[in-house]
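Chains as they are written, first to last, in the numbering used here: chain A, 1 to 339; chain B, 1001 to 1296.
For glycine and all other residues, C-beta sits at the position ideal for the given N, C-alpha and C.
This report concerns only the one structure given below.
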Amino acid sequence: MKADNLTLKTLEPKNTSVSFKKTKTWAILAIALFFIILPRLGSQYVSYLILTFFGYAVALLGFNLLFGYTGLLSFGHALFLAMGAYTVAFFTSKFSIFPMEIILLVAIVVSAILAALIGAVCVQYIKIYFAMLTLAFGMLFYSFLIKFYYVTGGDEGMRVLRPYLLGYELSAIPKMQFLMGGYYYYALVVLTIATWVMWKIVSSPFGLCLMAIRDNPEKATYLGVDVKRYRWYAFIISGAYAAVGGVLLAPVIGQVDPTLTYWTHSGTLVFMTLLGGFTNFLGPMLGGLIYIFLQDKVMSLTTYWRFIFGAILAFLVIVAPGGVAGVISSLVKKGRRGI
Amino acid sequence: MVLTDIINILLSGVFYGSILFLVAAGLQVVFGVQKVFNLACGEFYALGAYTGVVFVKIAQGIGLPLLFSLLPLILAGLFLFFIGPIVERGLLRFVYGRDETFQLLLTFAVVLMFEDVIRFIWGTSPQSTPGVYLAYGQINLLGAIIPIYNLIVIVSSLVIAGLIGYMLVRTKFGRIIRATADNREMSEALGINMKSVYTKVFTLGTVLGTLGGALVIPATAAMTEMGVELIVMAFAVVVIGGLGSMKGAFFGALVVGILRAIAISTYPELELLLIYLIVIGVLVFRPEGLFGGSRA
């Protein structure tokens, strides 16, 4: 990512003053509180959009470990998201196994294994070849889902039945009540844990090694980092994260279909990340949130929302590659210098 | 009869391959010179197809016999050349020298925009040119029934391939393209106006895409998704052939076209799967492509 001089510094966990740390803690608490009380305040529809956001947010955390931290652009990452979503569909409607915890665990294990296999091939390459190879795998999975319809339901996809949460069967209550009640908080807790774990990962020596690989692979090699192995680890973690995101998403959308792994859906993940800002830990999630609400708004105004989103993406790439978070942090820096 | 089947499969494969070649050649020339992998070339193809329908209808309106429909189709492809400079000057030129991933994303943005431009102009219902395909008639080749239009497209594609080859090897512009693909700094130092070369090359890439779209249209119908679907195939072609190589585009398109035809007629489940398995195999064992090495 040499193109954008805003990389390393903004990504490192900052050792700033105590007062700033305090504000940060308060900010995080405020965000958490906001999400907790939201279903009680806002409309059901807003909470529904937020639920979709929870799923994407987990996937984006994983995606950015590859893109923002390791410097590898995956154009097929929706593959793992679809893996997660199809796991829910298979377990609930084919195997009649309903506990969400089991489904999550299986999705993580299966997609980690799949990511290990695919990653072993992909991490041999970087840049455009990496992007192309991941795109190819994503499309391979797409055509598998389409063509083997007797297993996967083809382009109609599969229905997702309601999973049990913490052992409770909640199939009796109406759908919206289920989503806004138990499921909302379940997803929020999963997202919180996922965010915390990812924060630990990126601030660990491992995370620092990934950034070193991104900024200067040769130097990282000289310093004794096994570059390909670390890229491979990042790929596996990132795949597992996307699968968890897919698992969370599936009960919300209620039906899984192959477009989940189509290359344009992978493009959506990239778009969200870029919109929020890949140079910031929380940036991609911010991007996901903005994307989902903006898409909802623009789609209600015009059928030609793709054009508007294309223009936004072009603008981002050309003018503000740091995304919204990049713009905010440069404004904050300017403000501080002003004082 | 087996022989008939083989001829049928081969020729429909080569027909599809020759369309693919045009689009992939556009992809390759742009990648060779500008090092930008242009995801939007599928949209140029779709735009060419829709414009082809319009031009054929206009031609029919002024009384041109169906048999001469090839002329308005080629004109439609050429007419769209102006898209090239717009996209290149308006967007792409801002990201030269930036990381490749951002260039890729910018072309993805172009895909999103053009999809809606097409929806805005033509709506979502498929468009076709009824009658044109059959107007050219069919011939019987050893028992296989071959639409003559397919043969015309194959020949046109071969002619275009020949012209491109001639241009690259014999003309001054071709030498400039090859020099730039080989070493940009050196060519610039030798006094080549990079700005104009980039615009011309991107326009050439665009026109190859729109021509492909225009030529395919009598055999199929123009649909909104045809752009994103084609890029997946064109992508397979350039990977199998080798990124940036014109020879690669030619052989890659043949391989993909014929494989696709074989898969469709024997075991349709395998169509994209087979092609993408080969793509992955090529990327793993020979990432420079089966026919890579010879630049642009």
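**OP:** Have a look at A:239, A:280, A:263 and flag the residue whose alpha-carbon is nearest the alpha-carbon of residue 116 (chain A).
**Re:** Within the first sequence, residue 116 (chain A) is the residue found at index 116, counting from 1. The candidate whose alpha carbon is nearest that of residue 116 (chain A) is A:239.
**OP:** Consult DSSP for residue 1221 (chain B) and reduce its assignment to one of helix, strand or coil.
**Re:** Position 221 of the second sequence holds residue 1221 (chain B). Three-state DSSP puts residue 1221 (chain B) in coil, outside helix and strand.
Original post:
Quick one, are the C-beta atoms of residue 1249 (chain B) and residue 1024 (chain B) less than 8 Å apart?
Top reply: As a working mapping, residue 1249 (chain B) is identified with position 249 in the second sequence. As a working mapping, residue 1024 (chain B) is identified with position 24 in the second sequence. In contact: residue 1249 (chain B) and residue 1024 (chain B) (Cβ atoms closer than 8 Å).
Subject >> residue 1273 (chain B) beta carbon less than 8 Å from that of residue 144 (chain A) >> reply: On the first sequence, position 144 is the one that residue 144 (chain A) refers to. On the second sequence, position 273 is the one that residue 1273 (chain B) refers to. Result yes, Cβ atoms of residue 144 (chain A) and residue 1273 (chain B) sit closer than 8 Å.
Subject >> Cut-off 8 Å between Cβ atoms - residues of its own chain near residue 295 (chain A), not counting five sequence neighbours on either side >> reply: For this step, residue 295 (chain A) is matched to residue 295 along the first sequence. Correct list, in chain order: 305, 309.
Original post:
Does DSSP put residue 1019 (chain B) in a helix, a strand or coil?
Top reply: Reading the second sequence from its first residue, position 19 is the one you call residue 1019 (chain B). Reduced to three states, the DSSP call for residue 1019 (chain B) is helix.
Original post:
Any Cβ of chain A within less than 8 Å of the Cβ of residue 1296 (chain B)?
Top reply: On the second sequence, residue 1296 (chain B) is found 296 positions in, with the first residue counted as 1. For residue 1296 (chain B), the pLDDT reaches just 41, beneath the cut-off of 50, and the residue's location in the model is therefore unreliable, although a value from the coordinates is still provided. By this cut-off, residue 1296 (chain B) is not an interface position.
Original post:
Can you name, in chain order, every residue of its own chain whose Cβ lies under 6 Å from the Cβ of residue 1255 (chain B), other than the five neighbours on each side?
Top reply: Numbered from its first residue, the second sequence carries residue 1255 (chain B) at position 255. Excluding sequence neighbours, residue 1255 (chain B) sits near 1240.
Original post:
Does the beta carbon of residue 34 (chain A) sit closer than 8 Å to a beta carbon anywhere in chain B?
Top reply: Counted from its first residue, the first sequence places residue 34 (chain A) at position 34. Output row for residue 34 (chain A): interface = no.
Original post:
If you drop the 5 nearest sequence neighbours on each side, which residues of the same chain put their C-beta closer than 7 Å to that of residue 1106 (chain B)?
Top reply: Taking the first residue of the second sequence as position 1, residue 1106 (chain B) is located at position 106. Same-chain partners within the cutoff: 1091, 1092, 1095.
Subject >> Same chain, Cβ closer than 7 Å to residue 1118 (chain B), neighbours up to 5 away in sequence not counted >> reply: In the second sequence, counting from the first residue as 1, residue 1118 (chain B) sits at position 118. Counting only Cβ-Cβ distances below 7 Å, and skipping sequence neighbours, we find 1046, 1047, 1050, 1224.
**OP:** Select from B:1010, B:1204, B:1201, B:1176 the residue whose C-alpha is nearest the C-alpha of residue 1191 (chain B).
**Re:** By 1-based counting over the second sequence, the position of residue 1191 (chain B) is 191. Considering only alpha carbons, the answer is B:1176.
Subject >> Short-range partners of chain A found in the region 1019-1037 of chain B, where Cβ spacing is below 7 Å >> reply: 1037
Subject >> Close-in-space but distant-in-sequence residues of the same chain around residue 1294 (chain B) (CB under 6 Å, 5 per side omitted) >> reply: As a working mapping, residue 1294 (chain B) is identified with position 294 in the second sequence. Note on residue 1294 (chain B): pLDDT 44, under 50, position unreliable in the model; no value is reported.
**OP:** Note down, in chain order, every chain A residue with its Cβ under 7 Å from the Cβ of residue 1276 (chain B).
**Re:** Counting from 1 along the second sequence, the entry for residue 1276 (chain B) is found at position 276. Result: 136, 139, 140, 143.
Original post:
Quick one: is residue 1088 (chain B) buried, meaning 16 or more other Cβ sit within 10 Å of its Cβ, or exposed?
Top reply: What you label residue 1088 (chain B) is simply residue 88 of the second sequence in a count that begins at 1. Residue 1088 (chain B) should be labelled buried.
Original post:
Any chance the region 77-84 of chain A sits against the region 246-265 of chain A, with 3 or more Cβ pairs inside 8 Å?
Top reply: yes
Original post:
Does DSSP classify residue 280 (chain A) as helix, strand or coil?
Top reply: Indexing the first sequence from 1 puts residue 280 (chain A) at position 280. Three-state DSSP puts residue 280 (chain A) in coil, outside helix and strand.
Original post:
Name the chain B residues that come within less than 8 Å of residue 314 (chain A), Cβ to Cβ?
Top reply: For the purposes of this step, residue 314 (chain A) is taken as residue 314 along the first sequence, with counting starting at 1. By Cβ distance, chain B contributes 1091, 1106, 1109, 1110, 1113.
Subject >> Three-state class that DSSP yields for residue 28 (chain A) in the structure shown >> reply: Here the question's residue 28 (chain A) lines up with position 28 in the first sequence. Looking at residue 28 (chain A) - three-state DSSP - the assignment turns out to be helix.
Subject >> Contact set for residue 3 (chain A): own chain, Cβ-Cβ below 8 Å, skip 5 residues either direction >> reply: Numbered from its first residue, the first sequence carries residue 3 (chain A) at position 3. Because residue 3 (chain A) carries a pLDDT of 42, less than 50, the predicted location of this residue cannot be relied on, and no value is offered for it.
**OP:** Let me know the beta strand (DSSP E) ranges lying completely inside the region 1088-1161 of chain B, each 3 residues or longer, listed in chain order.
**Re:** 1138-1141, 1144-1147
**OP:** Find out if the Cβ-Cβ distance for the pair residue 1243 (chain B), residue 1022 (chain B) is shorter than 8 Å.
**Re:** For the purposes of this step, residue 1243 (chain B) is taken as residue 243 along the second sequence, with counting starting at 1. For the purposes of this step, residue 1022 (chain B) is taken as residue 22 along the second sequence, with counting starting at 1. Cβ distance not < 8 Å, so residue 1243 (chain B) and residue 1022 (chain B) don't count as in contact.
**OP:** Let me know if residue 1189 (chain B) comes out buried or exposed under the rule of 16 or more other beta-carbons within 10 Å of its beta-carbon.
**Re:** Here residue 1189 (chain B) refers to the residue found at position 189 when the second sequence is read from its first residue. Answer is exposed; the Cβ neighbour count stays below 16.
**OP:** Spell out whether any CB of chain A is found under 8 Å from the CB atom of residue 1273 (chain B).
**Re:** As a working mapping, residue 1273 (chain B) is identified with position 273 in the second sequence. It does; some Cβ of chain A falls within 8 Å.
Original post:
Could one say the Cβ of residue 298 (chain A) lies closer than 8 Å to chain C's Cβ atoms, at least one of them?
Top reply: Of the protein chains in this structure, namely A and B, none is chain C.
Original post:
Does residue 1280 (chain B) come within less than 8 Å of chain A when only Cβ atoms are used?
Top reply: Mapped onto the second sequence, residue 1280 (chain B) falls at position 280. Chain A contact via Cβ: present.
Subject >> Every unbroken alpha helix (DSSP H) inside the region 106-139 of chain A [4 residues or more] >> reply: none
Original post:
Helix, strand or coil: which one does DSSP assign to residue 166 (chain A)?
Top reply: Within the first sequence, numbered from 1, the residue matching residue 166 (chain A) stands at position 166. Here residue 166 (chain A) sits in coil by DSSP.
**OP:** List in chain order: all unbroken alpha helix (DSSP H) runs of 4+ residues lying wholly within the region 1166-1192 of chain B.
**Re:** 1172-1182, 1184-1189
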